[in-house]
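Below: the structure, in structure tokens.
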Amino acid sequence: MTPPVGRSVVRGLGQIVRRESRAYLVLNLSAYGLVVLGFALGLVFPGLTDARISAMEADGTAGLVTRLVSSPALFALTILAVNVLRLSLLTLVLPSLVVPFAGLAIFGAWAVQTGITLVPSTGEGWVALIPHSVTLLIELQAYVLPLLGSFLVGKYWLRPGAAGVERHRDGYRRGLQQLGTLAVPALALLVIGAAWEAASLRYLVHPLSQWLLAP
1 MTPPVGRSVV RGLGQIVRRE SRAYLVLNLS AYGLVVLGFA LGLVFPGLTD
51 ARISAMEADG TAGLVTRLVS SPALFALTIL AVNVLRLSLL TLVLPSLVVP
101 FAGLAIFGAW AVQTGITLVP STGEGWVALI PHSVTLLIEL QAYVLPLLGS
151 FLVGKYWLRP GAAGVERHRD GYRRGLQQLG TLAVPALALL VIGAAWEAAS
201 LRYLVHPLSQ WLLAP
């Protein structure tokens, strides 16, 4: 990305966030808050976490992670593909392009489920949560941006006057433009998050565990 393009992306992001600051704040509080809620539920009801772990083992997710963690580059690419295609596109964006705000509701359920899954059951699991908390901060922020874009698609679609246009289809188109502007920094954050997650699991968790859990 050349510096002028980078400045244009940052400027576009800043304009949208300033104009929609209330929605941006609410979406941030909701995204992080729902994960924390899920984590609290997992602590209080360990059976929920056990059920999530069993489901991940049954569908092969846990085994895939175990196989890929020793190859950080491939692991990072896999994480990025899942986060971009399954979570960002299929969970957040596409449903909202068909039914206004649908992706926001689906993401809310995913956030609670993720919080439940994150509850550790071992000492090493609690140690792994230290670097993984950074991953969570980065990736959730990456999801907040398409959440905001999906919100604007629905808002301008249903209330085209809010976008300064008269027809609903023009409002829909304006919302898509805003979503496209937000997609670029969201993708950048997902790349950073995937690289950090893969590297931290490969290189940080084991030495941290030895240091913090040593008798």
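Using my numbering, the first residue of the sequence shown is number 1, and each one after it goes up by one.
We treat Cβ as the ideally placed atom computed from N, Cα and C, and that holds for glycine.
Validate contact between the segment 39-49 and the segment 105-122 using beta carbons, cut 8 Å, 3 pairs:
Result yes; three or more Cβ-Cβ pairs closer than 8 Å.
Within 10 Å of its beta-carbon, does residue 242 have 16 or more other beta-carbons around it, so buried, or fewer, so exposed?
As displayed, the chain neither begins before 1 nor continues past 215, which places residue 242 out of reach and without an answer.
Can you give the Cα-Cα distance for residue 190 and residue 31, rounded to whole angstroms?
The straight-line gap from Cα to Cα measures roughly 16 Å.
contact_flag[the segment 136-152, the segment 18-36] where n(CB pairs < 8 Å) is 3 or more:
Result yes; three or more Cβ-Cβ pairs closer than 8 Å.
Closest to residue 200 by CA distance: which of 9, 127, 90 is it?
Taking only the C-alpha atoms, the option nearest residue 200 is 127.
Looking only at its chain, what residues have a beta carbon closer than 8 Å to the beta carbon of residue 129, apart from the 5 residues adjacent to it on each side?
118, 120, listed in sequence order.
Can residue 185 and residue 27 be called in contact, C-beta distance under 8 Å?
Taking 8 Å as the Cβ cut-off, residue 185 and residue 27 do not qualify as a contacting pair.
Reducing DSSP to helix, strand and coil, say where residue 164 ends up.
Note: residue 164 maps to coil in three-state DSSP.
Taking only runs that begin and end inside the segment 56-98, name each unbroken alpha helix (DSSP H) of 4 or more residues, in chain order.
61-68, 72-81, 94-98, all fully within the segment 56-98.
Out of curiosity, what's the CA-to-CA distance linking residue 105 and residue 188?
So the alpha carbons of these two residues sit roughly 24 Å apart.
Do you know offhand how far residue 82's Cα is from residue 61's?
So the alpha carbons of these two residues sit roughly 11 Å apart.
Rounded to whole angstroms, how far is the Cβ of residue 16 from the Cβ of residue 178, which I believe are closer than 8 Å?
Contact annotation, residue 16 with residue 178: C-beta distance approximately 6 Å; criterion of less than 8 Å satisfied.
Following the continuous alpha helix (DSSP H) through residue 107, name the residue where it begins and the one where it ends.
Counting along the chain, the alpha helix (DSSP H) containing residue 107 begins and ends at 102-118.
Since residue 75 contacts residue 68 with CB under 8 Å, what's their CB separation in whole angstroms?
That belief holds up - the Cβ atoms of residue 75 and residue 68 are roughly 4 Å apart, short of 8 Å.
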